[in-house]
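What follows is a short report on a single structure.
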Amino acid sequence: MFDKTLVRDGFGQHYLLQSRPPLHISFKLNARKFCSPNDVRRFIESLQRVPPGYWQGLLHDSGQTDSLYMSDSAAINAICDRMVYYQRPAVFAVDPPSHAADAPPQTHHQNK
Numbered sequence: 010m011f012d013k014t015l016v017r018d019g020f021g022q023h024y025l026l027q028s029r030p031p032l033h034i035s036f037k038l039n040a041r042k043f044c045s046p047n048d049v050r051r052f053i054e055s056l057q058r059v060p061p062g063y064w065q066g067l068l069h070d071s072g073q074t075d076s077l078y079m080s081d082s083a084a085i086n087a088i089c090d091r092m093v094y095y096q097r098p099a100v101f102a103v104d105p106p107s108h109a110a111d112a113p114p115q116t117h118h119q120n121k
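Per my numbering, the sequence shown runs over residues 10 to 121.
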């Protein structure tokens, strides 16, 4: 559920964090690699407006059932370790969603 949420950094780049990336995504996109938990923490701190409970939910989607009771900082620490040592959740840079595709078709009225 939470791994379908698009997140955005301060530069406008959108990302998908996938607990268990589907094969069609893994083959099309390269997952971002992190060298240390501090690299992951800097990435996480660059993200804007992450939904409440996002990190706990992402861990839960990964199979860590006690994550729903973690504080934000404990969940982020667990995410940092998982992203470095297990490459999960995987981070994929994606194109921003097209707002034009979501908008209803415009109709033009002629004035007579």
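In this text, a Cβ means the ideal position worked out from N, Cα and C, and glycines have one as well.
Collapsed DSSP secondary structure at residue 95 in the structure displayed: Locating residue 95 in the sequence shown gives position 86, where the first residue counts as 1. Coil.
If you follow the alpha helix (DSSP H) that residue 67 is part of, which residue opens it and which one closes it? Walking along the sequence shown from the start, residue 67 turns up at place 58. Residues 63-70.
When you compare the CB positions of residue 77 and residue 65, do they come within less than 8 Å of one another, or not? For the purposes of this step, residue 77 is taken as residue 68 along the sequence shown, with counting starting at 1. For the purposes of this step, residue 65 is taken as residue 56 along the sequence shown, with counting starting at 1. Cβ atoms of residue 77 and residue 65: closer than 8 Å.
Is the Cβ-Cβ distance between residue 27 and residue 98 less than 8 Å? Counting from one through the sequence shown, the residue named residue 27 turns up at place 18. Counting from one through the sequence shown, the residue named residue 98 turns up at place 89. Closer than 8 Å, so yes.
Would you list the residues sitting across from residue 24 in a DSSP beta bridge? Locating residue 24 in the sequence shown gives position 15, where the first residue counts as 1. Residue 24 pairs with 16, 102.
If we ignore side chains and look at the alpha-carbon of each, how far apart do residue 86 and residue 49 end up? Here residue 86 is taken as the residue at index 77 of the sequence shown, counted from 1. Here residue 49 is taken as the residue at index 40 of the sequence shown, counted from 1. So the two alpha carbons sit approximately 9 Å from each other.
Should residue 14 and residue 94 be called a contact, given that it needs their Cβ atoms to be closer than 8 Å? The sequence position of residue 14 within the sequence shown is 5, counting from 1. The sequence position of residue 94 within the sequence shown is 85, counting from 1. No; because the gap between Cβ atoms is not below 8 Å, this pair is not in contact.
Going by other Cβ atoms of all chains shown within 10 Å of its Cβ, with 16 needed for buried, is residue 40 buried or exposed? For the purposes of this step, residue 40 is identified with residue 31 of the sequence shown, where counting begins at 1. By the neighbour-count rule (16 or more Cβ atoms within 10 Å), residue 40 is buried.
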